[in-house]
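Worksheet: one structure, shown below.
In our numbering, the protein residues as written are 8 to 184.
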């Protein structure tokens, strides 16, 4: 592993008159690409994981709502772990207090190479949308009103014919006198 991203190189020049050693110090920037992130959704928490990159990446989350509007999502935590000189990074974000989430995307940017790897997932909607609920309620009220109107019309029609509302012992309608 390089200490603070610096390395010393020894440059040997061979002139005609013998060997002469000179030292040259330069900054060497090292970057390793991260793998495509994997996203898991558990309840209202979304976790994104990538590995195999160097140096420690910058992590960013964003969400897209059902109307296609994007907004940045704050992450809860980032856990980088160095293994074999490369980073494995887990980042978690909370979407429980965000409404109308359709997609969640996590991005890992390597600050040295300026390359970004990302992945996104669609968030399943829970239950019915408010629009569907309103339609179901309206249809239910209309059906109930139609039933009430039918019952009232039948009662009026039977009372005009001169029948009583209660049947006799044999189950027949008795005419009113």
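Glycine residues also receive a C-beta, built at the ideal position from the N, C-alpha and C atoms. In this text the structure is predicted, and so the values were computed from the model without any measurement.
How many angstroms separate the CA atom of residue i from the CA atom of residue j?
i: residue 48; j: residue 157; result: 50 Å
i: residue 46; j: residue 127; result: 7 Å
i: residue 33; j: residue 64; result: 23 Å
i: residue 42; j: residue 91; result: 15 Å
i: residue 229; j: residue 100; result: Any property of residue 229 remains undetermined from this structure, which presents the chain solely from 8 to 184.
Where does the unbroken beta strand (DSSP E) through residue i begin, and where does it stop?
i: residue 80; result: 77–80
i: residue 101; result: 93–101
i: residue 60; result: 52–60
i: residue 48; result: 45–49
i: residue 109; result: 108–116
i: residue 67; result: 65–72
Would you mind sorting residue i into buried or exposed? The rule is 16 or more other CB atoms within 10 Å of its CB.
i: residue 88; result: exposed
i: residue 80; result: buried
i: residue 112; result: buried
i: residue 94; result: buried
i: residue 44; result: buried
i: residue 129; result: exposed
Return no unless some Cβ of chain C is closer than 9 Å to the Cβ of residue i.
i: residue 104; result: Chain labels in this structure do not include chain C; a single protein chain is all it has.
| said: Quick check on the DSSP output: what are the complete alpha helix (DSSP H) runs of length 4 or more inside the segment 124–171, in order along the chain? | reply: Runs found: 137–167.
| field | Touching by the beta-carbon criterion (3+ pairs, under 8 Å), the segment 61–75 and the segment 111–126 | value | The segment 61–75 is in contact with the segment 111–126.
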